[in-house]
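Trainee: Take a look at the following structure, please.
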Amino acid sequence: MKTNENKSKKREKMVNKLQKFFQRLFPPEYREKISKQDLLRIYTFEIILAFTVVFVISLMFPRGKSYQFGGLTEGEVYVGDKIIAPFTFAINKTEEEYKRDIQDARDAIPPVFVRQDSICDHQQQQLDSFFSEISEIIAQDVKTPAMTNQLIEFLKKYKIDPDENILKYFLELSEQFKQKNSKEYKLESLHDSLDRILRDICGIGILNRNKSDISAPKGNISVLNGNEEVVEEISYFHDQEDVTSIVIEKLRSSFEGAELSMNVGYRIFMNFLVPNIIYDKLETEFRRQEAESNVPRARGTVLENEKIIDTYEKINKEHLAKLNSLAIEKAVREEGSNIIYSVVRYLGKLMMAALGISILLMFLVYNRWRLLRSPKKVILIAVIILLVSLLSYIISKFTQSPYLVPITIGSMLLTIFYDTRVGFVGTISLSIILSGMMGNDFNVM
Numbered sequence: 002m003k004t005n006e007n008k009s010k011k012r013e014k015m016v017n018k019l020q021k022f023f024q025r026l027f028p029p030e031y032r033e034k035i036s037k038q039d040l041l042r043i044y045t046f047e048i049i050l051a052f053t054v055v056f057v058i059s060l061m062f063p064r065g066k067s068y069q070f071g072g073l074t075e076g077e078v079y080v081g082d083k084i085i086a087p088f089t090f091a092i093n094k095t096e097e098e099y100k101r102d103i104q105d106a107r108d109a110i111p112p113v114f115v116r117q118d119s120i121c122d123h124q125q126q127q128l129d130s131f132f133s134e135i136s137e138i139i140a141q142d143v144k145t146p147a148m149t150n151q152l153i154e155f156l157k158k159y160k161i162d163p164d165e166n167i168l169k170y171f172l173e174l175s176e177q178f179k180q181k182n183s184k185e186y187k188l189e190s191l192h193d194s195l196d197r198i199l200r201d202i203c204g205i206g207i208l209n210r211n212k213s214d215i216s217a218p219k220g221n222i223s224v225l226n227g228n229e230e231v232v233e234e235i236s237y238f239h240d241q242e243d244v245t246s247i248v249i250e251k252l253r254s255s256f257e258g259a260e261l262s263m264n265v266g267y268r269i270f271m272n273f274l275v276p277n278i279i280y281d282k283l284e285t286e287f288r289r290q291e292a293e294s295n296v297p298r299a300r301g302t303v304l305e306n307e308k309i310i311d312t313y314e315k316i317n318k319e320h321l322a323k324l325n326s327l328a329i330e331k332a333v334r335e336e337g338s339n340i341i342y343s344v345v346r347y348l349g350k351l352m353m354a355a356l357g358i359s360i361l362l363m364f365l366v367y368n369r370w371r372l373l374r375s376p377k378k379v380i381l382i383a384v385i386i387l388l389v390s391l392l393s394y395i396i397s398k399f400t401q402s403p404y405l406v407p408i409t410i411g412s413m414l415l416t417i418f419y420d421t422r423v424g425f426v427g428t429i430s431l432s433i434i435l436s437g438m439m440g441n442d443f444n445v446m
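So our numbering is basically just the index in the sequence shown, starting at one, shifted up by 1.
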């Protein structure tokens, strides 16, 4: 019986001590009025919310990484014990080096195009059909108005604008044919010239994209033609921009002094000119992703028992690369082989997040206790902290630069919605959390 009474008395003393502690969170005039039930009711929501925020933030901490050498900085003098490699491991590239190598690997793959000569063959047949049909039309013995209507309908069939010049040209050919039978020579000459120019341009190839829009850092493209593949300089081919001037130049040399024939030939020819070098986006991206996946993460090896850094040695980039690689390798080995160690590591992250949150929480408890009585205000603080943490987590996935960490967003929002002291203490809490998220880099803090 005495044992139970002693336990009961001890429990009562502990409860009274806790009650006195929590009563101190309130001004003197309210201390005696606060009961145990009130304390539980008032702070239950805040405690649950704080644990939730800590848990969510701990999930954002990087995994598979040890922070054993996180406090070392380039240019400092190392004052610890000499570090010897406990096992053989690879020296990982920095994020900047790895991204640069990936970009170099992608740039080394030229854009892939497919040559489709069947397109030009089809356009050649269309051009032949055009001249065959127009020859039959202008050979008819009909009056000019009827001939004009036929020409308009015919040109629209081939999507050629029947403007004044082109109608005038074919009507003159029709009149000459009726009078002198000279139609065959002029029309065949035009046909032969356009046919030859089309073969010349298609023989080189017309890109279906402008050269300025093609991502070819080394100035080459890969052209597939059946089972063959050749790599050529992109400048060798024509595109939509430069083919116009080439056609005009060829027509001018073919119809020197005959401006009307040159203009009509240009109008007809451009309607039959279609790109035959087609960009294959899927194949290009597939090859570049394959090249990217083959880029190694390591750039060297440290052998077992090899010295990494000695006492009082000045730290350089190579030391940091080896030490960071060693830390990562140790974390992977220990985490994969020991479940208890993994749990301990996670608890460490949880405590780091809790440390940051507890500073702000204690400030609010002792200096802004009325603020804690408003669930909406407490939720807003939690949202701001989670927002900044999430943005920092996303940024850390793409870059290691501490200058991009959006800590000022939290500082400004807390100051705007509350006051400068809440903003200041909130910034301290966020700096601790974010320095842990960036790999225990306390320079960030």
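By construction, the Cβ of each residue, glycine as well, lies at the ideal position given by its N, Cα and C atoms.
May I have a chain-ordered list of the beta strand (DSSP E) segments no shorter than 3 residues that lie completely inside the stretch 215-297?
Mentor: Correct list: 221-226, 229-234, 278-280.
Trainee: Flag this pair as touching only if the stretch 190-208 and the stretch 124-139 have three or more C-beta atom pairs under 8 angstroms; answer yes or no.
Mentor: yes
Trainee: Tell me, please, which residues DSSP counts as bridged to Ile85.
Mentor: Lys308
Trainee: Are Ile103 and Asn209 close, meaning C-beta to C-beta below 8 angstroms?
Mentor: In this structure, Asn209 does not lie closer than 8 angstroms to Ile103 by Cβ.
Trainee: Give the secondary structure of Lys169 by DSSP, where H, G and I count as helix, E and B as strand, and everything else as coil.
Mentor: helix
Trainee: Under 8 angstroms by Cβ, that's how I've got Glu305 and Thr89 pegged, so tell me the actual separation to the nearest angstrom.
Mentor: 5 angstroms
Trainee: Just verifying my parser: in three-state terms, what is the DSSP assignment at Lys184?
Mentor: The pLDDT assigned to Lys184 is 46, lower than 50, so where the model puts this residue is not dependable; a value taken from the coordinates is nonetheless given after this. Lys184 falls in the helix class under three-state DSSP.
Trainee: When the Cα atoms are used, what is the spatial distance from Leu73 to Ser59?
Mentor: One alpha carbon belongs to Leu73, the other to Ser59, and they sit about 23 angstroms apart.
Trainee: Spell out the partners DSSP gives Ile92 in its beta bridges.
Mentor: Gly301
Trainee: Are the Cβ atoms of Leu431 and Gly411 separated by less than 8 angstroms?
Mentor: Contact flag set, yes.
Trainee: Is the Cβ-Cβ distance between Asp281 and Phe114 less than 8 angstroms?
Mentor: yes
Trainee: Taking 8 angstroms as the cut-off, decide whether the C-beta atoms of Met438 and Ser393 are in contact.
Mentor: yes
Trainee: From Ala354, Thr312, Arg334, Val423, pick the residue whose C-alpha is nearest to that of Leu372; which is it?
Mentor: Val423
Trainee: Which whole runs of the beta strand (DSSP E) in the stretch 101-142 are 3 residues long or more, in chain order?
Mentor: 113-116
Trainee: Need the endpoints of the alpha helix (DSSP H) that Lys157 sits in, please.
Mentor: 145-158
Trainee: Work out the CA separation of Glu47 and Gln38 for me, nearest whole Å.
Mentor: Bear in mind that a pLDDT of 49 at Gln38, under 50, signals an unreliable position, so the number given afterwards is only what the model happens to contain. The alpha-carbon atoms of Gln38 and Glu47 are separated by roughly 15 angstroms.
Trainee: Can you give the beta carbon distance from Ile385 to Asn277, rounded, assuming they're within the 8 angstroms contact cut?
Mentor: Contact doesn't hold; Cβ gap of about 59 angstroms is too wide.
Trainee: For Arg101, count the other beta carbons within 10 Å of its own beta carbon; 16 or more makes it buried, fewer makes it exposed. Which is it?
Mentor: Arg101 is exposed by the Cβ-count criterion.
Trainee: Which residue from Glu250, His320, Val224 puts its Cα closest to that of Ile202?
Mentor: Glu250
Trainee: Can you tell which of Ala322, Tyr267, Phe425, Ala109 has the C-alpha that lies nearest to the C-alpha of Leu365?
Mentor: Phe425
Trainee: Between Ile309 and Ile84, which are expected to be in contact by the criterion C-beta below 8 angstroms, what is the C-beta distance as a whole number of angstroms?
Mentor: 4 angstroms
Trainee: With the cut-off set at 8 angstroms, would you say Leu356 and Ile433 are in Cβ contact?
Mentor: yes
Trainee: Looking at the structure shown, is Ser432 part of a helix, part of a strand, or coil, going by DSSP?
Mentor: Three-state result, Ser432: helix.
Trainee: DSSP three-state label for Val80, please.
Mentor: coil
Trainee: Applying the 10 Å Cβ sphere with the 16-neighbour rule, what's the burial state of Tyr367?
Mentor: exposed
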